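For the sequence shown, the working numbering gives the first residue as 592, with consecutive numbering after it. The C-beta atom is built at its ideal place from N, Cα and C for all residues, glycine as well. Computed from a predicted structure; not experimentally measured.
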Amino acid sequence: MKKYLVIGNPIEHSLSPTIHNYWMKKYKLTDSIYERKKVEKKEVGNIVNQIRNDKLIGVNVTVPFKKEIIPLLDEVDNVAKNTLSVNTLYKVEDKIFGYNTDVPGFNESLIDVDYKNKDIFILGSGGVTSSIIYSFINKVNKIYIANRTKEKAEKLKKLYSYSNTQIEVINWGKKPTVCDLVINTTSVGLKKDENLDLDFKDYENNNDVLFYDIIYSPKETNFLKEARLRGNKTMNGGMMFLNQAKIAFQIWTGITAEIDQEVLKLLD
Ligand code: ATR
592 MKKYLVIGNP
602 IEHSLSPTIH
612 NYWMKKYKLT
622 DSIYERKKVE
632 KKEVGNIVNQ
642 IRNDKLIGVN
652 VTVPFKKEII
662 PLLDEVDNVA
672 KNTLSVNTLY
682 KVEDKIFGYN
692 TDVPGFNESL
702 IDVDYKNKDI
712 FILGSGGVTS
722 SIIYSFINKV
732 NKIYIANRTK
742 EKAEKLKKLY
752 SYSNTQIEVI
762 NWGKKPTVCD
772 LVINTTSVGL
782 KKDENLDLDF
792 KDYENNNDVL
802 FYDIIYSPKE
812 TNFLKEARLR
822 GNKTMNGGMM
832 FLNQAKIAFQ
842 IWTGITAEID
852 QEVLKLLD
């Protein structure tokens, strides 16, 4: 049996097994199985060793290990190097490689959105935020970041100090002038009743602005619900999630999986 895994902590909510097992069945990889495993920090090295010994073929990495797994790997791709974030592991010619498929997955989700030279407001500075910022640098006019713990936002600004795009850190609870794209990368909203408690009254009836939440379950967080009721455009993290999975699946199997109606339904 070829075994694949997603590791993280917590991990119960992850739909990665559902998606990958669906594709494995669809593309007749009957010798493959994808599971989830909650791991502690001290166990992460053991997971990497299992890839080395072919006990595991491919692994997805999620919160909180995307950064701390990097020193355990032999090589990482260019995007992972820049973002300090790895979400996909695979052995290539005896080397354990780390890839970042969050960035291309996120870019793919924005394929129909014109954000060139626009202003972006990013909420949060957690594990995935560096990938979101990296997708925008040198493409947009300005990026504002706000995080409850301001130092983490300052760190991200520093990480991209080489970029041509201006990055400004905003105090949590404060807002920049009206932006074209407002993105929630915090974990607030994963539980249905959670709310960011930020005031977006100045976005009332503004149908040009897109509010994007990288959370895909629940489908509509309060952040998105309020935006919809205000008259803004909204998008959840479903397409980013499916596209990062699609790219990981391609790395592991060489198969370009289709994001079909069935797979979309699996997110419900
Ligand atoms: P980690 O903090 O380990 O990177 P994460 O899930 O990747 O975990 O990130 C959680 C993000 O949600 C962080 O930006 C976090 O803010 P802090 O850096 O201040 O912790 C944010 N977050 C979580 N709960 C929050 C809350 N109640 N209000 C505002 N932001 C919150």
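In this structure, ligand 1 has no non-hydrogen atom nearer than 7 Å to the beta-carbon of T812. Fully enclosed alpha helix (DSSP H) runs of no fewer than 4 residues occupy 720-727, 741-750 of the segment 720-755, in order along the chain. Judged by pairs of C-beta atoms under 8 Å, the segment 662-674 does not touch the segment 783-800, as fewer than three such pairs exist.
If you look at K837, you'll find it in the alpha helix (DSSP H) that goes 829-844. Contact between the segment 633-652 and the segment 669-686 is present, with at least three C-beta pairs closer than 8 Å. Between the C-alpha atoms of V635 and G649 there is a straight-line separation of about 14 Å. Nearest C-alpha to K782 among F814, M830, K766, Y595: F814. The segment 685-699 and the segment 783-798 do not touch, with fewer than three beta-carbon pairs separated by less than 8 Å. For the 8 Å CB-CB criterion, S778 and G717 form a contact. By the neighbour-count criterion, in which a residue is buried when 16 or more other Cβ atoms sit within 10 angstroms of its Cβ, Y725 is buried.
In terms of Cα proximity to T674, the closest of I713, K658, I602, D771 is K658. The beta carbons of N775 and T756 sit no closer together than 8 Å.
Beyond the five residues adjoining it in sequence on each side, P655 comes within less than 7 Å, by CB distance, of N600, G718 in the same chain, given in chain order. For the alpha helix (DSSP H) assignment, the uninterrupted runs of no fewer than 4 residues enclosed by the segment 671-724 are, from N- to C-terminal side, 693-700. Two segments are said to touch when three or more pairs of C-beta atoms, one from each, lie closer than 8 Å; by this definition the segment 839-848 does not touch the segment 809-829. By the Cβ-count criterion, G822 is exposed, with fewer than 16 other Cβ atoms from all chains shown falling within 10 Å of its own Cβ. L857 places its beta carbon less than 8 Å from that of T609. When distances are taken from the beta-carbon of S778 to the heavy atoms of ligand 1, the shortest one is below 7 Å.
In the displayed model, F656 falls within coil according to three-state DSSP, outside both helix and strand.
Where K616 is concerned, the enclosing alpha helix (DSSP H) starts and stops at 607-617.
For G599, the secondary structure class from DSSP, reduced to helix, strand or coil, is strand.
One Cα belongs to V630, the other to I660, and the distance between them is close to 12 Å. By the neighbour-count definition (other C-beta atoms within 10 Å, threshold 16), I598 is a buried residue.
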